[in-house]
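*Asks:* Read left to right, the sequence shown gives residues 1 to 173 (the UniProt record's numbering).
Each residue gets a CB set at the ideal place from its N, CA and C atoms; glycine is no exception.
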Amino acid sequence: MPSTSRTASSFPLGDKLSARLARAIALGLGCGRIPVSPGTMGTLAAWLSHALLLARAPDALLAWFFAAALLIGWWACERTARMLGSEDPGCIVWDEILAFWLVLWVLGPSSFWLQLLAFGLFRFFDIVKPQPVRWADRAFKGQGWRGAWGILWDDLVAAFCTLLVLALGVHWF
Numbered sequence: 001m002p003s004t005s006r007t008a009s010s011f012p013l014g015d016k017l018s019a020r021l022a023r024a025i026a027l028g029l030g031c032g033r034i035p036v037s038p039g040t041m042g043t044l045a046a047w048l049s050h051a052l053l054l055a056r057a058p059d060a061l062l063a064w065f066f067a068a069a070l071l072i073g074w075w076a077c078e079r080t081a082r083m084l085g086s087e088d089p090g091c092i093v094w095d096e097i098l099a100f101w102l103v104l105w106v107l108g109p110s111s112f113w114l115q116l117l118a119f120g121l122f123r124f125f126d127i128v129k130p131q132p133v134r135w136a137d138r139a140f141k142g143q144g145w146r147g148a149w150g151i152l153w154d155d156l157v158a159a160f161c162t163l164l165v166l167a168l169g170v171h172w173f
């Protein structure tokens with residue numbers, strides 16, 4: 001009886017290309033392969049790409065861009081996590097990229113120092129995972145669409161917490 005298992009070389013070319021594209025997106029064009037602090041490297045990549053490409057874009061365009069990046073990132077994270085056989089691989093940094101883009105978009109034009117403070121706060125919330133980030137991190141564990149949403153969700157909550165702390169800081173000081 002012939003074997004029904006498929007090897008990597010037996011997948012159609014389209015499958016290979018979409019897998020490579022998903023991995024490239026999910027790993028932040030290689031930032032996730034950096035062995036030390038890949039999430040921080042992904043956040044730095046988000047900051048740099050925002051400064052170079054997104055900072056002067058109109059809000060309507062950024063809203064569409066962010067919605068597309070969320071959907072494409074969800075697909076890429078799900079596909080890559082499935083390929084790697086892990087619920088939330090540390091090498092996936094699209095979640096950090098997307099969430100920090102959101103922080104910078106909401107901040108709008110701002111000084112380097114305010115952006116640096118936002119960077120530090122976001123990394124704090126993402127690494128330490130105080131509540132409600134911890135809840136968000138645990139809420140959608142697993143494989144498939146639910147797990148891919150979980151990869152993104154805790155970082156979006158960390159972005160919200162970052163923006164909340166910055167808003168309260170501006171209000172109080």
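Below 8 Å, can you find three or more Cβ-Cβ pairs linking the segment 131-142 to the segment 102-117?
*Replies:* No, the segment 131-142 is not in contact with the segment 102-117.
*Asks:* Quick check: the Cα distance between G147 and P89, rounded to an integer number of angstroms?
*Replies:* Within the sequence shown, residue 147 is the residue found at index 147, counting from 1. Within the sequence shown, residue 89 is the residue found at index 89, counting from 1. Using only the alpha carbons, I get a separation of about 11 Å.
*Asks:* Distance, Cα to Cα, R56 vs L62?
*Replies:* The sequence position of residue 56 within the sequence shown is 56, counting from 1. The sequence position of residue 62 within the sequence shown is 62, counting from 1. Using only the alpha carbons, I get a separation of about 10 Å.
*Asks:* What does the alpha-carbon distance come out to for the pair L21 and D15?
*Replies:* Taking the sequence shown and counting its residues from 1, one reaches residue 21 at position 21. Taking the sequence shown and counting its residues from 1, one reaches residue 15 at position 15. Each residue's alpha carbon lies about 10 Å from the other.
*Asks:* Please report the straight-line C-alpha distance between residue 182 and F173, rounded to a whole angstrom.
*Replies:* Summary: the structure shown does not reach residue 182, with the chain confined to residues 1 through 173, and so no result is reported for it.
*Asks:* Buried or exposed, going by whether 16 or more other CB atoms sit within 10 Å of the CB of S9?
*Replies:* The residue labelled residue 9 in the question sits at position 9 within the sequence shown. Reliability fails at S9, whose pLDDT of 44 lies under 50, so the model's placement of it is uncertain and the value that follows must be treated cautiously. When all chains shown are included, S9 counts as exposed.
*Asks:* Give the straight-line distance between the Cα atoms of V170 and L84, rounded to the nearest whole angstrom.
*Replies:* Position 170 of the sequence shown, counted from the first residue, corresponds to residue 170. Position 84 of the sequence shown, counted from the first residue, corresponds to residue 84. Approximately 42 Å between the Cα atoms of the pair.
*Asks:* Would you mind reading off the limits of the alpha helix (DSSP H) that contains C91?
*Replies:* Looking up residue 91 in the sequence shown gives position 91. Element bounds for C91: n/a, residue is neither H nor E.
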